[in-house]
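Taking our numbering, the leading residue of the sequence shown gets 256, the next gets one more, and so forth.
Shown next, in structure tokens, is the structure this report addresses.
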Amino acid sequence: MARKTKAINDRLTWRKSFNKYKLLYLMLIPGVLWYVLFKYAPMFGIVIAFEKYQPFSGLKGMFNSKWVGLYWFRRFFKSIYAWRLIRNSLLISLKKLVVCFPSSILLAILLNAIPGKIYKKSIQTVSYLPHFLSTVVVCSIVRTVTSVDGGLINMIIKAFGGEPIFFIGRNEYFQGVLVITELWKTIGWNSIVYLAAMTGIDPELYEAATVDGANWHHKILHVTLPAIAPIISLMFILRCGELLNAGFEQVFLLYSSAVYETGDIIDTYVYREGLVSLNYSYSTAVNVFKSVVALVMVLGSNFVAKKMGQEGIW
Numbered sequence: 256m257a258r259k260t261k262a263i264n265d266r267l268t269w270r271k272s273f274n275k276y277k278l279l280y281l282m283l284i285p286g287v288l289w290y291v292l293f294k295y296a297p298m299f300g301i302v303i304a305f306e307k308y309q310p311f312s313g314l315k316g317m318f319n320s321k322w323v324g325l326y327w328f329r330r331f332f333k334s335i336y337a338w339r340l341i342r343n344s345l346l347i348s349l350k351k352l353v354v355c356f357p358s359s360i361l362l363a364i365l366l367n368a369i370p371g372k373i374y375k376k377s378i379q380t381v382s383y384l385p386h387f388l389s390t391v392v393v394c395s396i397v398r399t400v401t402s403v404d405g406g407l408i409n410m411i412i413k414a415f416g417g418e419p420i421f422f423i424g425r426n427e428y429f430q431g432v433l434v435i436t437e438l439w440k441t442i443g444w445n446s447i448v449y450l451a452a453m454t455g456i457d458p459e460l461y462e463a464a465t466v467d468g469a470n471w472h473h474k475i476l477h478v479t480l481p482a483i484a485p486i487i488s489l490m491f492i493l494r495c496g497e498l499l500n501a502g503f504e505q506v507f508l509l510y511s512s513a514v515y516e517t518g519d520i521i522d523t524y525v526y527r528e529g530l531v532s533l534n535y536s537y538s539t540a541v542n543v544f545k546s547v548v549a550l551v552m553v554l555g556s557n558f559v560a561k562k563m564g565q566e567g568i569w
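Have a look at this one:
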């Protein structure tokens with residue numbers, strides 16, 4: 256009886272909420288449809304990772320193709336490319352995480368400390384601008400700036416008596432170019448969420464810290480960072496889920512066969528095998544492996560964060 260009463264109350268509460276926020280629920284429909292059509296519906300295609308799927312056989316082929324189980328997964332892990340792809344994807348992602356993640360927090364702290372609104376807004380605007388440039392434009396700028404023939408960086412190197420360096424064509428420099436480009440493009444935009452969190456900090460906490468003799472560094476360590484720790488924890492968990500996502504568009508637009516040793520990642524390999532070589536089942540299996548690793552990383556980092564006393568995603 257109590258369960259039935261609770262169910263009735265839940266329905267009444269939902270109806271009341273829907274009637275009150277009809278327009279907001281209607282605005283939610285396009286976003287929900289986008290996720291259903293482009294995120295959940297394509298998941299049905301995962302089945303071809305366990306089949307010998309023939310290209311151009313369509314939906315019918317998903318039901319009629321020969322079942323091969325984990326064959327494509329075993330083939331990938333036995334290939335000479337598996338370790339290189341996993342290593343490159345992890346290294347590039349970890350480098351971006353180590354450099355870009357704390358940099359956004361640091362920028363937010365520095366912006367929050369600027370007293371003048373004009374200077375603060377100006378710096379914010381300049382730091383946000385790269386985010387609104389498409390990856391194609393950003394990579395074109397990188398290619399132009401790092402060009403051996405007339406590139407700004409190589410002109411500076413030659414002015415100091417050095418030899419031009421083909422940065423995006425040499426393995427020892429390629430990952431560094433990716434990290435610096437990612438930092439320039441994302442640091443300003445990623446700092447927004449931390450700035451928003453800082454606006455919720457009670458000013459009296461800073462005043463009390465000043466009375467106690469705390470300087471700027473002490474206020475950051477003992478007031479600002481603890482206050483935004485839940486947001487930092489949440490963003491870190493979400494970022495851990497992308498550890499094997501090294502940035503397909505950026506790598507694809509900058510790399511070449513000369514830097515496969517350090518620049519070839521899982522996503523570019525899936526593109527070549529799936530869309531160029533038409534090995535749909537094999538490329539799907541590789542991508543499923545990447546998705547499973549992402550799921551494990553999210554669950555693991557969420558578990559660790561909650562054990563450390565921070566808020567998780569759920």
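Where is the CB? At the ideal position from N, CA and C, for every residue including glycine.
Residue i in three-state terms, based on DSSP
i: residue 582; result: Not covered by the structure: residue 582. The range shown for the chain is 256 to 569.
i: residue 306; result: strand
i: residue 328; result: helix
i: residue 538; result: helix
i: residue 504; result: helix
i: residue 257; result: Bear in mind that the predicted position of residue 257 carries a pLDDT of just 49, short of 50, making it too unreliable to give a figure here.
i: residue 416; result: coil
i: residue 276; result: coil
i: residue 529; result: helix
i: residue 285; result: helix
i: residue 368; result: helix
i: residue 399; result: helix
i: residue 409; result: helix
i: residue 421; result: coil
Proximity to residue i [Cα-Cα], best of the options
i: residue 517; options: 433, 533, 532; result: 433
i: residue 300; options: 320, 282, 394; result: 320
i: residue 455; options: 479, 441, 350, 472; result: 479
i: residue 361; options: 547, 503, 447; result: 447
i: residue 561; options: 453, 529, 484, 514; result: 484
i: residue 538; options: 546, 544, 529, 545; result: 529
i: residue 475; options: 488, 460, 345; result: 460
i: residue 521; options: 467, 342, 441; result: 342
i: residue 422; options: 416, 394, 445, 325; result: 394
i: residue 532; options: 287, 289, 310; result: 310
i: residue 505; options: 376, 391, 415; result: 391
i: residue 481; options: 546, 543, 377, 449; result: 449
i: residue 509; options: 354, 426, 346; result: 426
i: residue 323; options: 366, 404, 377, 306; result: 306
i: residue 302; options: 315, 293, 397, 369; result: 315
i: residue 424; options: 554, 526, 397, 298; result: 397
i: residue 543; options: 419, 297, 400, 376; result: 297
i: residue 545; options: 328, 287, 274; result: 328
Counted within 10 angstroms of its Cβ, other Cβ atoms place residue i as buried (16 or more) or exposed
i: residue 257; result: The pLDDT assigned to residue 257 is 49, lower than 50, so where the model puts this residue is not dependable; a value taken from the coordinates is nonetheless given after this. Its Cβ having fewer than 16 others within 10 Å, residue 257 is exposed.
i: residue 278; result: exposed
i: residue 364; result: buried
i: residue 534; result: buried
i: residue 486; result: buried
i: residue 437; result: buried
i: residue 270; result: exposed
i: residue 496; result: buried
i: residue 284; result: exposed
i: residue 406; result: buried
i: residue 488; result: buried
i: residue 468; result: exposed
i: residue 380; result: exposed
i: residue 553; result: buried
i: residue 498; result: buried
i: residue 409; result: buried
Residue(s) in a DSSP beta bridge with residue i
i: residue 321; result: 307
Pair within 8 Å by beta-carbon distance, residue i and residue j
i: residue 491; j: residue 402; result: no
i: residue 330; j: residue 519; result: no
i: residue 540; j: residue 304; result: yes
i: residue 500; j: residue 358; result: no
i: residue 385; j: residue 440; result: yes
i: residue 308; j: residue 317; result: yes
i: residue 514; j: residue 415; result: no
i: residue 443; j: residue 344; result: no
i: residue 463; j: residue 477; result: no
i: residue 368; j: residue 289; result: no
i: residue 507; j: residue 524; result: no
i: residue 366; j: residue 378; result: yes
i: residue 420; j: residue 412; result: yes
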